[in-house]
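**Q** Taken in sequence, the protein lines are chains A and B. Under the numbering used here, read the first sequence as residues 1022 to 1370, first letter to last. Under the numbering used here, read the second sequence as residues 1022 to 1370, first letter to last. Encoded as structure tokens, here's the structure I'll be asking about.
There are 2 protein chains.
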Amino acid sequence: MERATIADVAKAAGVSVSTASRALRGTGRVSQSTRERVAAEAERLRFMFSKSAASLASGRTMRVALLLPNEISRWFNSHVFEGVYEELASRDYDVVPYVIWDERDLDAFLRELPGNRNVDAVIVCSFDMNEAQSEALAAFSLPVVGVNTPSDRGYDATVRIDDAAAMLDAVRLLKSLGHKRLAYVTKPLSPSPFVSSGDVRVAGFRQAARICGYDEADVTVIPPLKAESMSRPQDVYSGIAARLVSAPEPPTGICVSADFAAMLLLKELRRLGRRVPQAISVIGFDDDDTAIASDLTTLHQSPTELGREAAQLALALMDGKTPAQPYVMMPTSLVLRDTTAAVDAVVGI
Amino acid sequence: MERATIADVAKAAGVSVSTASRALRGTGRVSQSTRERVAAEAERLRFMFSKSAASLASGRTMRVALLLPNEISRWFNSHVFEGVYEELASRDYDVVPYVIWDERDLDAFLRELPGNRNVDAVIVCSFDMNEAQSEALAAFSLPVVGVNTPSDRGYDATVRIDDAAAMLDAVRLLKSLGHKRLAYVTKPLSPSPFVSSGDVRVAGFRQAARICGYDEADVTVIPPLKAESMSRPQDVYSGIAARLVSAPEPPTGICVSADFAAMLLLKELRRLGRRVPQAISVIGFDDDDTAIASDLTTLHQSPTELGREAAQLALALMDGKTPAQPYVMMPTSLVLRDTTAAVDAVVGI
DNA sequence: GTGAAAGCGCTAACAC
DNA sequence: GTGTTAGCGCTTTCAC
């Protein structure tokens, strides 16, 4: 397939290159007849724009970078990606992922990409950069929008879920079911130093417990473990399950920071002979496929929506608009399934 | 951040633009001292290459397109993406996804992208194009590599899992467990007309049954349903479960084309009072998180590996090499969990 | 080992 | 409405 350039199209249609450009892009004033003639020739010659040439000349790349702190395939990441893609693709933008595992990757990104008009915007997902790093990013005159970032500093816009409200929903449910002692279990840490630590969520849980009148002594928080320190992921949860169950006053209402972790914990609790939900209630977070598989009561969130919202903000910013509400909080919702029940229902253990 | 161009760097280092280019890219002969001087100035000026300018001048875009027939967030897609990304990113390529839902999307892709040097290669995932379409793609002088495509025609290289061998593993297991009647359940069709239909897998199952000595009458195949035709996904499986269970001679060994579907079917079978694995054995496919959650015996496949392999082939082709083995078949492996058991163990129902 | 010069294919003033 | 003219920031012969 011989590459036809816009010059070829222009010549074939008997117009100048600039007219051909205007006609093909629908900008400026071009007569109906010329427009059609040019379009016909372009079609005939199988003309395609060179994105590189267009970018170079216009300064707009039609490309936005999506920064991820870990695997593209993770539930959260891939869903955010999907949302971002949907919005951006419909406006003809390409979205290019960059997985940033460590400082080296971030440095490389910062020193190679955002400068010389290589992307039109950057969307940063679940990232926790230090001040210097986010300043470095902000220093480029590019829209930077964050998804579930720990703070708004350094971002032109951010989108996040309302962790505090979510935890309040969960704790209120447990309270209403009569649970006297609660626990919060954090999923293992990702190896990337940039993943948001989830502190907001734990803090939200603690605060919710306080609001609902729980005494600090009745609230256990299991901090995250390093995933690598364990042979099998399962082992992490058998340890935690044992610890929870063997406490002098075992908690009966348990919140877990992610469904996958909740699912594993659930298995371990049952393996230890604890009946869920009869003896212990478990609430997950995310509402992913494992929650469905485990019939897990959980807090539903929609990372796809977060991605869509983030992309819309990026779009607005790229258009030079100032979003009316650049810092967006998205709701979660409690999904009741089969791992929560009233404490009154306890029969045996 | 003021954009420094290579000309600025060259001037600052007191060399010509071409020398600066050579120095920065490590190509051609440049003296050690110049190289260092140029590097230092580039660093100082925070120089970054303009990808567009480089592409335009060199004809290489350092970008490869990944064509997906449906959501980026799907287990298979996002894992292939991850594998592709890993290989390509380490060689400095960007990978840009394009979700092709329908003919319109494919036309748009075909007419806009691959031409004028907009990508260096195309990787096509689980795609089933017609002859004209794959010819159109092949007509560009670009490497095109397929992942789990129904055929090799039109591709410079393909990577796929060995569906036939996988199904043989599954059927052999069921046979060895004493199951007399088998069934194969296909997951609902995706709305995209381009997703590989999975015919290879069903054919593999049928063949495996034949090889293992099953009579055709003892083998049931439930064809895929249109997902949209159902109110809830669950309903699809309650229907199928009822149908399987109520047959005059109900099958007791069931293969399902995907874990998520197997998991839903499993729930329905149990809801109907059938004990799995005591009365019925179920084998899934994929080995994703829902398989873990459901303790599902399943055929493990690694889409990440497929992606890596595909990317390596694309890399070789872009380098102008001819891969020794361009049509690669990857193995699956049977993972035994808790949904398969010997028929002898049947106690009650 | 280094420099000069000619593009790569397009957009964007600016004229008319 | 349409054409002319400069570039955009690089890479790449080709000289020297």
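Glycine included, C-beta positions come from ideal geometry on N, C-alpha and C.
1. Out of B:K1342, B:R1253, B:L1317, state which residue places its alpha-carbon closest to the alpha-carbon of R1358 of chain B.
2. Quick one: give me the first and last residue of the beta strand (DSSP E) that T1241 of chain B is part of.
3. How far does the beta strand (DSSP E) with V1257 of chain B in it reach, from first residue to last?
4. Between the region 1071-1083 of chain B and chain A, which residues of the former have a C-beta closer than 7 Å to a C-beta of the latter?
5. Have a look at A:V1180, A:E1133, A:P1272, A:E1124 and flag the residue whose alpha-carbon is nearest the alpha-carbon of A1153 of chain A.
6. For a contact meaning CB atoms closer than 9 Å, what does N1405 of chain B contact in chain A?
7. Excluding the five sequence neighbours on either side, which residues of its own chain have a C-beta within less than 8 Å of the C-beta of H1321 of chain B, listed in chain order?
8. Check for me: the beta strand (DSSP E) holding T1318 of chain B runs from which residue to which?
9. Can you tell which of A:R1132, A:T1325, A:A1028, A:Y1176 has its C-alpha closest to the C-alpha of A1159 of chain A?
10. Can you give me the C-alpha to C-alpha distance between E1326 of chain A and V1166 of chain A, rounded to a whole angstrom?
11. Helix, strand or coil: how does DSSP classify K1032 of chain A here?
12. Tell me which residue opens and which closes the beta strand (DSSP E) that Y1106 of chain B is part of.
13. Closer than 6 Å by C-beta to L1246 of chain B: which residues in its own chain qualify, once you throw out the five before and the five after it? Chain order, please.
14. Within the same chain, show all residues whose beta-carbon is closer than 8 Å to that of L1287 of chain B, passing over the 5 residues directly before and after it, in chain order.
15. Are any of the Cβ atoms in chain A nearer than 7 Å to that of V1117 of chain B?
16. Which residues in chain B sit within 7 Å of D1359 of chain A, going by Cβ to Cβ distance?
17. Of all the options B:S1073, B:A1044, B:A1129, B:A1229, which has the alpha carbon lying nearest to the alpha carbon of A1185 of chain B?
18. Between the region 1061-1078 of chain A and the region 1091-1111 of chain B, do three or more beta carbon pairs fall short of 8 Å?
19. Can you list, in chain order, the stretches of the beta strand (DSSP E) that have 3 or more residues and sit fully within the region 1161-1246 of chain B?
20. Which residue wins for smallest C-alpha separation from Q1333 of chain A, given the options A:F1148, A:S1259, A:I1144?
21. Exposed or buried, what is S1217 of chain A when buried is set at 16 or more other beta-carbons lying within 10 Å of its beta-carbon?
22. Consult DSSP for V1059 of chain B and reduce its assignment to one of helix, strand or coil.
23. Comparing the C-beta of S1217 of chain B with each C-beta of chain A, is any distance below 7 Å?
24. What are the start and end residues of the beta strand (DSSP E) that includes S1354 of chain B?
25. Quick check: is the beta carbon of S1042 of chain A nearer than 7 Å to any beta carbon in chain B?
26. Can you look up I1121 of chain B in the DSSP assignment and give me helix, strand or coil?
27. What residues of chain B sit near M1284 of chain A, judged by a beta carbon separation below 9 Å?
28. Thinking just about the alpha-carbon of each residue, which of B:S1267, B:F1281, B:I1275 is nearest to the one in P1254 of chain B?
29. Check whether chain A comes within 7 Å of G1136 of chain B, counting only Cβ atoms and requiring the distance to be less than that.
30. With which residues is T1303 of chain A paired in a DSSP beta bridge?
31. Under 8 Å by Cβ, that's how I've got I1243 of chain A and I1261 of chain A pegged, so tell me the actual separation to the nearest angstrom.
32. Kindly indicate the opening and closing residues of the alpha helix (DSSP H) around A1350 of chain B.
33. Grab the span of the alpha helix (DSSP H) containing V1145 of chain B for me, first residue to last.
34. If you draw a straight line from the alpha carbon of V1193 of chain A to that of V1349 of chain A, how long is it in whole angstroms?
35. So if I threshold CB-CB distances at 7 Å, which residues from the region 1092-1109 of chain A count as touching chain B?
36. Does DSSP put V1116 of chain A in a helix, in a strand, or in coil?
**A** Looking at the atomic coordinates:
1. If you number the second sequence from 1, residue 1358 of chain B lands on position 337. Answer by Cα proximity: B:L1317.
2. Position 220 of the second sequence holds residue 1241 of chain B. Run containing T1241 of chain B: 1240-1243, per the beta strand (DSSP E) assignment.
3. Here the question's residue 1257 of chain B lines up with position 236 in the second sequence. Premise fails: V1257 of chain B lies in the alpha helix (DSSP H), 1254-1266, not in any beta strand (DSSP E).
4. S1071, K1072, S1073, A1074, S1076, L1077, T1082
5. Along the first sequence, read from residue 1 onward, the residue named residue 1153 of chain A stands at position 132. It is A:E1124.
6. For chain B, the structure presents residues 1022 to 1370; residue 1405 of chain B sits outside this window and is missing.
7. What you label residue 1321 of chain B is simply residue 300 of the second sequence in a count that begins at 1. Excluding positions up to five away in sequence, the list reads D1307, D1308, T1353, S1354, L1355, V1356.
8. The sequence position of residue 1318 of chain B within the second sequence is 297, counting from 1. Residues 1318-1321.
9. Start at 1 with the first residue of the first sequence, and residue 1159 of chain A comes out as number 138. Among A:R1132, A:T1325, A:A1028, A:Y1176, the Cα nearest to that of A1159 of chain A is on A:Y1176.
10. Here residue 1326 of chain A refers to the residue found at position 305 of the first sequence. Here residue 1166 of chain A refers to the residue found at position 145 of the first sequence. Roughly 14 Å separates the two Cα atoms.
11. The residue you call residue 1032 of chain A lines up with position 11 of the first sequence. The answer is helix: DSSP assigns K1032 of chain A an H, G or I state.
12. Residue numbering aside, residue 1106 of chain B sits at position 85 when the second sequence is read from its first letter. It is not in any beta strand (DSSP E) - Y1106 of chain B instead sits in the alpha helix (DSSP H) that spans 1096-1110.
13. Start at 1 with the first residue of the second sequence, and residue 1246 of chain B comes out as number 225. Same-chain partners within the cutoff: P1209, V1257.
14. Against the second sequence, residue 1287 of chain B aligns to sequence position 266. For L1287 of chain B, where only same-chain residues beyond five positions count, the Cβ hits under 8 Å are V1297, V1303, S1315, L1317, T1360.
15. Position 96 of the second sequence, counting from 1, holds the residue named residue 1117 of chain B. Yes, because at least one Cβ of chain A sits closer than 7 Å to the Cβ of V1117 of chain B.
16. Sequence index remark: in the first sequence, residue 1359 of chain A carries index 338 (1-based). In chain order: nothing, as chain B lies at least about 11 Å away.
17. Numbered from its first residue, the second sequence carries residue 1185 of chain B at position 164. Checking every option, the nearest Cα to that of A1185 of chain B belongs to B:A1229.
18. no
19. Taking only runs of at least 3 residues, the beta strand (DSSP E) segments lying wholly in the region 1161-1246 of chain B are 1165-1168, 1178-1182, 1203-1206, 1240-1243.
20. As a position in the first sequence, residue 1333 of chain A is number 312, starting the count at 1. Checked all of A:F1148, A:S1259, A:I1144; the closest Cα to Q1333 of chain A is A:I1144.
21. By 1-based counting over the first sequence, the position of residue 1217 of chain A is 196. It counts as buried.
22. For the purposes of this step, residue 1059 of chain B is taken as residue 38 along the second sequence, with counting starting at 1. Helix at V1059 of chain B.
23. Along the second sequence, read from residue 1 onward, the residue named residue 1217 of chain B stands at position 196. Not closer than 7 Å to any Cβ of chain A, the Cβ of S1217 of chain B fails to qualify, so no.
24. Here residue 1354 of chain B refers to the residue found at position 333 when the second sequence is read from its first residue. That run of the beta strand (DSSP E) goes 1354-1356.
25. Position 21 of the first sequence holds residue 1042 of chain A. Chain B contact via Cβ: absent.
26. Taking the first residue of the second sequence as 1, we reach residue 1121 of chain B at position 100. Looking at I1121 of chain B - three-state DSSP - the assignment turns out to be coil, as it is neither helix nor strand.
27. Against the first sequence, residue 1284 of chain A aligns to sequence position 263. From the beta-carbon of M1284 of chain A, the residues of chain B found nearer than 9 Å are D1310, I1313, A1314.
28. Locating residue 1254 of chain B in the second sequence gives position 233, counting from the first residue. Of the candidates B:S1267, B:F1281, B:I1275, the one whose C-alpha sits nearest the C-alpha of P1254 of chain B is B:F1281.
29. If you number the second sequence from 1, residue 1136 of chain B lands on position 115. Yes, G1136 of chain B counts as interfacial toward chain A.
30. As a working note, residue 1303 of chain A is residue 282 in the first sequence. As written in the sequence, residue 1303 of chain A is Val, which differs from the Thr given in the question. Looking at the DSSP output, V1303 of chain A bridges to A:I1275.
31. Locating residue 1243 of chain A in the first sequence gives position 222, where the first residue counts as 1. Locating residue 1261 of chain A in the first sequence gives position 240, where the first residue counts as 1. So it is a contact: roughly 6 Å between Cβ atoms.
32. Walking along the second sequence from the start, residue 1350 of chain B turns up at place 329. Before going on, a small fix: residue 1350 of chain B reads as Met here, not Ala. Run containing M1350 of chain B: none in the alpha helix (DSSP H); it sits in the beta strand (DSSP E), 1348-1351.
33. Position 124 of the second sequence, counting from 1, holds the residue named residue 1145 of chain B. Per DSSP, V1145 of chain B belongs to no alpha helix (DSSP H); it is in the beta strand (DSSP E), 1142-1146.
34. Taking the first residue of the first sequence as 1, we reach residue 1193 of chain A at position 172. Taking the first residue of the first sequence as 1, we reach residue 1349 of chain A at position 328. The identity of residue 1193 of chain A in the sequence shown is Arg, whereas the question assumes Val. Taking the straight line from one Cα to the other gives about 24 Å.
35. E1092, I1093, S1094, S1099, H1100, F1102, E1103, Y1106
36. Here residue 1116 of chain A refers to the residue found at position 95 of the first sequence. Collapsing the DSSP output to three states places V1116 of chain A in a strand.
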